[in-house]
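Okay, structure first, notes after.
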Amino acid sequence: MSGNEPVDRQLPNISPEKATREPGQSGTASEPERSRWNVAMREILNGSAMISLLAVVLAIIIGGILIAVTDENVQATAGYFFSRPGDMIAAIWNSVSGAYVSLFQGSIYNFRRPGFANGIRPLMDTLTFATPLIVAGLGVALGFRAGLFNIGGRGQMLFGASAAGWVAFSFAGLPFPLHLIFAVVAGVIAGALWSGLAGLLKATTGANEVITTIMLNYVAYYFVYWMLSTQGLLQLPGSNNPKSPGMLPSAVLPPLFGQQYSLHWGFIIAILVTFFAWWLLNRSRLGFQFKAVGLNPDAARVAGINVPRMIVYVMLFSGAFVGLAGVFQVLGTVTTGFSAGIDAGIGFDAITVALLGRSKPWGVFAAAVLFGAFKAGGFAMQASQGISVDIVLVVQSVIVLLIAAPPLVRAVFRLPKPNLLSPLKSNKTQGKKAVVTK
Amino acid sequence: MKLELRGITKRFGALVANDHISVVVEPGEIHCLLGENGAGKSTLMNVLYGLYQADEGEILLDDKVQKFSGPGDAMAAGIGMVHQHFMLIPVFTVAENVMLGHEPTTFGDRLNVAKAREQVREISQRFGFDLDPDALVGDLPVGVQQRVEIIKALSRDAKVLVFDEPTAVLTPQETDELMLIMKQLKETGTSIVFITHKLREVREVADKITVIRLGKVVGEASPTASNEELASMMVGRAIELTIEKGKAKLGQPALVVDKLSVIDPIGQLVVNNISFDIKEGEIVAVAGVQGNGQTELVEAIMGLQSKVTGGITLNGRSLVGRSVREVLDAGVGFVPEDRNEDGLVSEFTIAENLMLDRSNGEPFVKHGTLQLATLAEFAEEKLTEFDIRAQGIGTHAGNLSGGNQQKVVLARELSRELKLLVAAQPTRGLDVGSVEFVHTRIVEARDSGVPVLVVSTELDEVVALADRIAVMYRGGIVGIVPGDTPRDVLGLMMAGEAPSGGKAA
Ligand SMILES: Nc1ncnc2c1ncn2[C@@H]1O[C@H](COP(=O)(O)OP(=O)(O)OP(=O)(O)O)[C@@H](O)[C@H]1O
Ligand SMILES: [Mg+2]
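If you read the sequences in order, they're chains A and B. Everything in the first sequence is counted per the working numbering, starting at 3 for the first residue and increasing by one. Everything in the second sequence is counted per the working numbering, starting at 1090 for the first residue and increasing by one.
This is the structure in structure tokens:
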């Protein structure tokens, strides 16, 4: 919170000359500029942002190696490497640079297409993919900050999508913004309640949320599948497929920059939600209590915070965010009707995104955009270079692996070790929290 | 083994916690480190133990320069340490914690838990400690955890032993036992570094005393120096060791505890049918050996115990069955006995911790939004008022020295409009200067008419503060006696013997 106050109350001994000062007397740092830089540098080097960034860099390098070794030209030239090493080096360069150029062109800007309007289309796709990931990632991140591991993204998305979808294809005749708002709210509430159920189980019986949310995923999947296969519920009338009718135009999220791009207003909502999440975590009473419960539930209880109630609230908020991702899927990404696979794995990717974003709202936002880019660019890479889209998945997975092991990243880049202990933490955190946040 | 620290410097950002500190500890010497809260004692010891890397300076053992990149290296070199902030794994048992790091194994690399258990039994016997090797450490009260730490360090036959405020949470008897053990170890040539804020202990065991102030060595003191001399050397000014306390101006009975019994979560009767009252403007101290129901009594008042029978009323309103929030809102200030566990969120800043139990409304929250400016102003003020040594209000509580953490809790609880103050071990880990300050504040609260309940295992503290003393033994109250009751009488009462004059006062 008030973390970066100018350091005007220095601790006893900033510099030798000052060491004899009486306690309580204030003074200014001898070299404020330098020391502040010093602190900033340390913060950056040891801090989580740097680790996340380096994890991405390292993963891209590893991805490059994989692309090279699986490339046929590289394999062919390797056969006569010692007679003409240049061939192999050229082949490696071609395959790796080709892959990453097409990844870039598929996800940010395509120079081969005429005109800016066409060239920028990949970025629009990236943001479209990112939109549900942002809100779902925020939902998971919120849980992390409160010490809860919400793996139930899939179930919450499915319920969010079903509720929003049902409102959106029924109720013909409702006017445009009203119908849309109604659908969005329904989806958000459905997601919140489904996740709140896991919260309630934890608060009342102590059931571990990791297990209950995973189990509730299965319940949600088969339940939604059943509704999608049942006439009169979610199934398209007269159809045999487990699929819903298309959404009515009055409930669809309108395109943000015209029909030519896939990007819809959900992206703006996602930005607003990110703002909201930031406010919630850093400026609101509720966020303060969430974090206190997540970091030290005993102290929170002694401080008069109702811990079980907070757990339910956190899960409600978390599920609301994730449910919104489901809403974006049915009202923005695919508006022609949905099946039980509408979550598209976003509920799980959201965990990675939350980790990569270090559970900080804008970090999650950036991580979600990166993952959106991988998704958009991965398809382009496969189409133009014949490289399996799985390489992108490998890159994503390596990122997860590296974030989970900061010491590994530090070792690779020879970053200084952080101090081994921070007094209080050492005693408390072990065994109490599954995930270290903040 | 001879230990030498030469020119050790450790910086945390702009803060110099240790500034070219040099100390020599000869074999068979008990070397006391004295210094105010935040002087840098624990930091120095953590450098020695390999938990921090020194920015400058070197560590020598028997005149050979050592290079420790972690506690493993330090342990291998023969250094053992009892930490101020325990380094125990809560989900492990006592025996498992003790063997951690040098696990005895049997044939085929299987863990030999039986041997560790045996070791725990053997050492606790030597010590007079009552410890169950199979108890989960997380379930134990702090005092007991401290014993586990001590046993852990002793079980390794270290040549250099560091005790960082081991006695803060020990009973006087246990402290005496520990000091005996220290003397025994010294006879066998072990070098011992002993950190404590209790001057009586220093004088009893120290062969040499080094005083640290503001990260620097300010000199050596002789073990024969008087309390006042030692204290003024630490703080850099003369301080009063006994506080001025006028006669209590008693008002109406405010807190009335009537036939209170508490059954703890595992079904044991921990508080047994006790009754007492505290009047406005009165300090009642609950004395007793740790673990005789004091903790649960306090928890019952705060709404932290669920199975409570009998009555607790504050100014006529019943507190039984109320939530912690309601009790706090009734004007009860609470200093929990274990600040790390219950009093602070270590990853929160000082400012955030100062509003921890006031997050439900004004002045720090308006319309569900934190009032950061108000909070910052408040925190700055408290930092000065309570002399909390930190870089700023944005410092994480976990990065404060033990005594300064305690001051944060005290600052929070003493800065509210109070109808009752409940303080458990309020000065645990504080240096002599801060103890004086906190005692003065508690007496001020009393003089302004607030009833105060102090729980302390420290007789000095009980005697210094109490208008009346209630001694607890095995969940019951042995007797309630006047504040000037002689210590030997109190000592007998703490062992369960009722005072001769019946229920006085
Ligand atoms: N990990 C850390 N990061 C930043 N500052 C720290 C850290 N550890 C300690 N400090 C600071 O270094 C100073 C010295 O702390 P230290 O714990 O060594 O004090 P101490 O002499 O042991 O005090 P006490 O008697 O209260 O235990 C304190 O001001 C503390 O805030
Ligand atoms: Mg210390």
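Beta carbons are placed, not taken as given, at the ideal position from N, Cα and C, and that holds for glycine. As the structure is a computational prediction, the values presented were derived from the model and not from experiment.
Pick helix, strand or coil for residue i, following the three-state DSSP scheme.
{"i": "methionine 159 of chain A", "result": "helix"}
{"i": "threonine 206 of chain A", "result": "helix"}
{"i": "isoleucine 1390 of chain B", "result": "helix"}
{"i": "methionine 1170 of chain B", "result": "strand"}
{"i": "leucine 1579 of chain B", "result": "helix"}
{"i": "lysine 1471 of chain B", "result": "helix"}
{"i": "threonine 1484 of chain B", "result": "coil"}
{"i": "tyrosine 1562 of chain B", "result": "strand"}
{"i": "valine 190 of chain A", "result": "helix"}
{"i": "threonine 1331 of chain B", "result": "coil"}
{"i": "lysine 1496 of chain B", "result": "helix"}
{"i": "isoleucine 1477 of chain B", "result": "coil"}
{"i": "aspartate 127 of chain A", "result": "helix"}
{"i": "leucine 265 of chain A", "result": "coil"}
{"i": "threonine 1182 of chain B", "result": "strand"}
{"i": "asparagine 1362 of chain B", "result": "strand"}
{"i": "serine 17 of chain A", "result": "Because serine 17 of chain A carries a pLDDT of 35, less than 50, the predicted location of this residue cannot be relied on, and the following value inherits that uncertainty. Correct three-state label for serine 17 of chain A: coil."}
{"i": "leucine 1319 of chain B", "result": "helix"}
{"i": "alanine 1337 of chain B", "result": "coil"}
{"i": "alanine 1513 of chain B", "result": "strand"}
{"i": "leucine 1200 of chain B", "result": "strand"}
Based on the DSSP output, what are the partners of residue i in its beta bridges?
{"i": "lysine 1368 of chain B", "result": "B:Pro1342"}
{"i": "valine 1113 of chain B", "result": "B:Glu1093"}
{"i": "serine 1350 of chain B", "result": "B:Thr1398"}
{"i": "lysine 1508 of chain B", "result": "Answer by DSSP bridge pairing: none, since lysine 1508 of chain B is not bridged."}
{"i": "asparagine 1107 of chain B", "result": "B:Lys1099"}
{"i": "glutamate 1147 of chain B", "result": "B:Arg1095"}
{"i": "glycine 1458 of chain B", "result": "It is threonine, not glycine, that sits at residue 1458 of chain B in the sequence shown. Note: threonine 1458 of chain B sits in a beta bridge opposite A:Ser286, B:Lys1455."}
{"i": "glycine 1308 of chain B", "result": "B:Val1300"}
{"i": "glutamine 331 of chain A", "result": "Answer is none; glutamine 331 of chain A lacks a bridge partner."}
{"i": "glycine 1190 of chain B", "result": "Answer is none; glycine 1190 of chain B lacks a bridge partner."}
{"i": "proline 1571 of chain B", "result": "B:Arg1557"}
{"i": "glutamine 1155 of chain B", "result": "B:Ile1148"}
{"i": "histidine 1120 of chain B", "result": "B:Val1282, B:Lys1297"}
{"i": "valine 1375 of chain B", "result": "B:Val1544, B:Ala1559"}
Since residue i and residue j are thought to touch, with beta carbons under 8 Å apart, how far apart are those beta carbons, to the nearest angstrom?
{"i": "glycine 1420 of chain B", "j": "leucine 1509 of chain B", "result": "6 Å"}
{"i": "alanine 1374 of chain B", "j": "valine 1524 of chain B", "result": "Going by Cβ atoms, the distance from alanine 1374 of chain B to valine 1524 of chain B rounds to 15 Å, so no, they are not a contact pair."}
{"i": "glutamine 1173 of chain B", "j": "glutamate 1254 of chain B", "result": "5 Å"}
{"i": "phenylalanine 1175 of chain B", "j": "glutamine 1234 of chain B", "result": "5 Å"}
{"i": "valine 1226 of chain B", "j": "asparagine 1186 of chain B", "result": "5 Å"}
{"i": "valine 1454 of chain B", "j": "arginine 287 of chain A", "result": "4 Å"}
{"i": "alanine 1257 of chain B", "j": "glycine 1169 of chain B", "result": "No, alanine 1257 of chain B and glycine 1169 of chain B are not in contact; Cβ-Cβ is about 19 Å, not under 8 Å."}
Taking the Cβ atom as the reference point for each residue, do residue i and residue j lie within a distance shorter than 7 Å?
{"i": "valine 186 of chain A", "j": "valine 329 of chain A", "result": "yes"}
{"i": "alanine 1486 of chain B", "j": "serine 1435 of chain B", "result": "yes"}
{"i": "valine 400 of chain A", "j": "alanine 61 of chain A", "result": "yes"}
{"i": "leucine 326 of chain A", "j": "valine 137 of chain A", "result": "yes"}
{"i": "glycine 1580 of chain B", "j": "tyrosine 1562 of chain B", "result": "no"}
{"i": "glycine 359 of chain A", "j": "valine 366 of chain A", "result": "yes"}
{"i": "asparagine 1493 of chain B", "j": "glycine 1117 of chain B", "result": "no"}
{"i": "leucine 258 of chain A", "j": "leucine 265 of chain A", "result": "yes"}
{"i": "valine 1231 of chain B", "j": "aspartate 1427 of chain B", "result": "yes"}
{"i": "proline 239 of chain A", "j": "leucine 230 of chain A", "result": "no"}
{"i": "methionine 320 of chain A", "j": "glycine 145 of chain A", "result": "The residue asked about is misnamed: residue 320 of chain A is serine in this sequence, not methionine. Cβ distance < 7 Å, so serine 320 of chain A and glycine 145 of chain A count as in contact."}
{"i": "phenylalanine 323 of chain A", "j": "leucine 105 of chain A", "result": "no"}
{"i": "glutamine 1379 of chain B", "j": "threonine 1516 of chain B", "result": "no"}
{"i": "glycine 1382 of chain B", "j": "valine 1359 of chain B", "result": "yes"}
{"i": "glycine 1410 of chain B", "j": "valine 1105 of chain B", "result": "no"}
{"i": "glycine 193 of chain A", "j": "alanine 352 of chain A", "result": "no"}
{"i": "tyrosine 227 of chain A", "j": "alanine 342 of chain A", "result": "yes"}
**Request:** Identify every run of the alpha helix (DSSP H) within the region 192–262 of chain A, keeping only runs that are complete inside it and at least 4 residues long; order them along the chain.
**Result:** 211–230
**Contiguous alpha helix (DSSP H) assignments of at least 4 residues, all confined to the region 71–115 of chain A** = 74–80, 87–109
**Item:** Whole runs of the alpha helix (DSSP H) within the region 1405–1448 of chain B, excluding any shorter than 4 residues
**Value:** 1413–1418, 1439–1443
**Message:** Restricting to runs no shorter than 3 residues, where is the beta strand (DSSP E) found entirely within the region 1232–1310 of chain B?
**Reply:** 1249–1253, 1280–1284, 1297–1302, 1305–1310
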